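Numbering (our numbering), first residue to last: -11 to 130.
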């Protein structure tokens, strides 16, 4: 198996374990200790903060399913296209449960140092989540 294929498989396996089953420690062997995740808004998270965020998200959306649609690996870079669905069963970011089904999608761009990811940049539209939860109306800018 090529290095690129090995990296692609490790990403898919860790994402499935963490996002779909809540086994967030699966990221410990994929993400470096000094890992940093930057969102499109400029917010950053460490590995532990990402794991806590996944745990909180899965608590609010216990049937969360994240599908890795595509992983492209080239050298020390990876691009991951994904989508997630789930039902808002419990409070999330102060929003009481709406029982609504939500669907979001995005892309994550990662950089490896040796065999571990040291940084990721994630892009997705949080308005899709807020719209699905009924917090903002379709067509509103904010």
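Even glycine gets a Cβ: it sits at the ideal position worked out from N, Cα and C. Note that the structure is a prediction, hence the values are computed from the model and not measured.
How many Å lie between residue i and residue j at the Cα?
| i | j | result |
| --- | --- | --- |
| residue 61 | residue 14 | 20 Å |
| residue 57 | residue 93 | 10 Å |
| residue 64 | residue 30 | 22 Å |
| residue 34 | residue 104 | 14 Å |
| residue 116 | residue 91 | 8 Å |
| residue 21 | residue 119 | 35 Å |
| residue 39 | residue 0 | 16 Å |
| residue 4 | residue 87 | 23 Å |
| residue 100 | residue 125 | 39 Å |
Residue i and residue j look like a contact to me (Cβ under 8 Å); what is the Cβ gap, rounded to whole Å?
| i | j | result |
| --- | --- | --- |
| residue 54 | residue 102 | Rounded, the Cβ-Cβ distance is 26 Å, inconsistent with contact. |
| residue 12 | residue 43 | 6 Å |
| residue 76 | residue 121 | 6 Å |
| residue 108 | residue 98 | 5 Å |
Report all residues from its chain with a CB closer than 7 Å to the CB of residue i; omit the five preceding and five following residues, and keep chain order.
| i | result |
| --- | --- |
| residue 47 | 78 |
| residue 95 | 67, 68, 69 and 111 |
| residue 25 | 32, 33, 38, 108 and 110 |
Within its chain, find whatever has a CB closer than 6 Å to the CB of residue i; leave out the 5 residues flanking it on each side and keep chain order.
| i | result |
| --- | --- |
| residue 28 | 111 |
| residue 36 | none |
| residue 6 | 12, 14, 15 and 42 |
| residue 178 | Residue coverage of the chain in this structure runs from -11 to 130, which leaves residue 178 outside it and unanswerable. |
Only counting the same chain, and skipping five residues up and downstream in sequence, which positions put a Cβ closer than 8 Å to that of residue i?
| i | result |
| --- | --- |
| residue 123 | 83 |
| residue 85 | 48, 76, 77, 78 and 79 |
Measuring CB atoms only, is the region 79 to 87 touching the region -8 to 1, in the sense that at least three cross pairs come out at less than 8 Å?
Taking a contact to require three or more Cβ pairs closer than 8 Å, the region 79 to 87 and the region -8 to 1 do not qualify as touching.
Does the region 65 to 77 touch the region 34 to 51, meaning 3 or more C-beta pairs lie closer than 8 Å?
Result yes; three or more Cβ-Cβ pairs closer than 8 Å.
Mind listing, in chain order, the continuous alpha helix (DSSP H) runs of no fewer than 4 residues lying wholly within the region -1 to 83?
With a minimum length of 4 residues, the continuous alpha helix (DSSP H) runs that stay inside the region -1 to 83 are 35 to 48.
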